[in-house]
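Some notes on the structure that comes next.
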Amino acid sequence: MRSFKTALRGGLLFGLLAAVSACGTTYNVPEASANHTQVAASMFAEEHNPATAKAGGRLSEAAALRQFLQVVSRVEPVAERFCKQETADRPGFDCDINIVVDQNMPVRNAYQTYTESGRPIVAFTLPMIQDARNPDELAFVMGHEMGHHIGQHMHKKQQQAMAGALVVGALAAYSNVGVDQRVLQDTMAVGAGVGNMAYSQTYELESDVIGTAITKAAGYDPVKGARFFARPEEKTNQDGNLSFWGTHPPDQKRLATVLATVDGINAHGGLTKKTSSQ
Ligand SMILES: [Zn+2]
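Below, the structure written as structure tokens:
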């Protein structure tokens, strides 16, 4: 027989799961056609075969910075205009995204974060800008990271992590009377991780869609740029620091989505938003 406690737990779980799934995305991620998937698969295979992978070489710091600044000067104004236009319905949304070089992180990486006062930052490490094979790769990664800000992914991820922790915490509280506080804290930490992972590919693909629009509008080639993500590189450096390929595991779906997004922009003149955006 279903006890009152189980029913209560079920209801609570249902309510909290509804809160987790409420953190949605704004943009439609176009469905990749069979042709997009096939082209993506052959590009992916090309990058994974040393005989056909696009050649690269580590630039000197000075040459890398020169190339980086040139890309920033073209991408930044386009991205900020795009951001203002796309977030016109979110009063006070900060579109003044500061693009910086993180001189401390010793691994090839790029990320989006906020200053203590909440200003958006997109940071590239020095090894990352030295290792980009062309300006299109830099432009695409830049657009992709800006996509995380415009999509408000960090904010939504934090909300999800809290809701995920509540689900597991509530279950632990109901299933064990007098549960050890330390065990509960552990379970809550696991819950936070689960909440984060559940949305990672959804947010990644939304960032790819936004990044494609920004890269294209700035006059770079998003498909050529997105090949950066397909490179079979180390996920960590020897000290265990995560690289860009550690936080962005290579997959063909990303390339197929970029190809489909380019076709969608050409057909509709821009991105399309979901009818009931969060
Ligand atoms: Zn990303």
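Going letter by letter, the sequence shown gives residues 945 to 1222 in our numbering.
We put the beta carbon where it would ideally sit given N, CA and C, even for glycine.
Because the structure is a prediction, the values reported are computed rather than measured.
Determine the contact status of residue i and residue j, defining contact as a CB-CB distance below 8 Å.
i     : j     : result
G1087 : A1007 : no
D1038 : P1064 : yes
P1166 : T1180 : no
L1070 : V1015 : no
F988  : Q1196 : yes
L1203 : V973  : no
A976  : A1211 : no
E990  : A997  : yes
A1162 : R1002 : no
R1198 : F1173 : yes
A1062 : Y1147 : Here the sequence assigns Gly to residue 1062, which means Ala is not the residue at that position. The answer is no: Cβ separation not under 8 Å.
Counting C-beta neighbours from all protein chains within 10 Å, is the total for residue i 16 or more, i.e. buried, or is it exposed?
i     : result
Y1058 : exposed
E1150 : buried
V1085 : buried
H1192 : buried
N1048 : exposed
G1169 : buried
V1044 : exposed
D1033 : exposed
A1133 : Confidence at A1133 is low in this model, with a pLDDT of 49, below 50, so the placement of that residue should be treated as unreliable; the coordinate-derived value is given next. Result: exposed.
T1205 : buried
E1060 : exposed
Q1029 : exposed
P994  : exposed
H905  : In the structure as shown, the chain starts at 945 and stops at 1222, and residue 905 therefore has no counterpart that could be examined.
Between which residues of its own chain and residue i is the CB-CB distance below 8 Å, once the five residues before and five after are set aside?
i     : result
S1004 : Q1074
I1041 : E1020, A1023, E1024, C1027, P1064, I1065, V1066, M1090, H1093
G1214 : A1157
I1209 : T1156, A1157, K1160, L1215
P1079 : Q1011, Q1014, V1015, Y1164
For residue i, collect the residues of the same chain with a Cβ closer than 7 Å to its Cβ; drop the 5 residues on either side in sequence, then sort them by chain order.
i     : result
S1187 : V1051, R1052, N1053, E1177, E1178, K1179, T1180, N1181
M1072 : R1052, N1053, A1054, F1188
M1141 : With a pLDDT of only 36 at M1141, under the threshold of 50, the placement of this residue in the model should not be trusted, and no figure is reported.
Report all residues from its chain with a CB closer than 6 Å to the CB of residue i; omit the five preceding and five following residues, and keep chain order.
i     : result
W1189 : E1177, K1179
A1076 : L1082
L1009 : none
I1154 : G1091, I1094
With hydrogens ignored, establish whether the beta-carbon of residue i is closer than 7 Å to any heavy atom of ligand 3.
i     : result
D1183 : With respect to ligand 3, the structure offers nothing, as its ligand set consists of ligand 1.
Starting from the N-terminal end, write out each residue whose C-beta falls within a distance shorter than 6 Å of any non-hydrogen atom of ligand 1. H1088, H1092, E1148, S1151, H1192
Considering only residues of the stretch 984 to 1060, which uninterrupted beta strand (DSSP E) runs meet the minimum length of 3 residues and lie entirely inside it, listed in chain order? 1042 to 1046, 1054 to 1058
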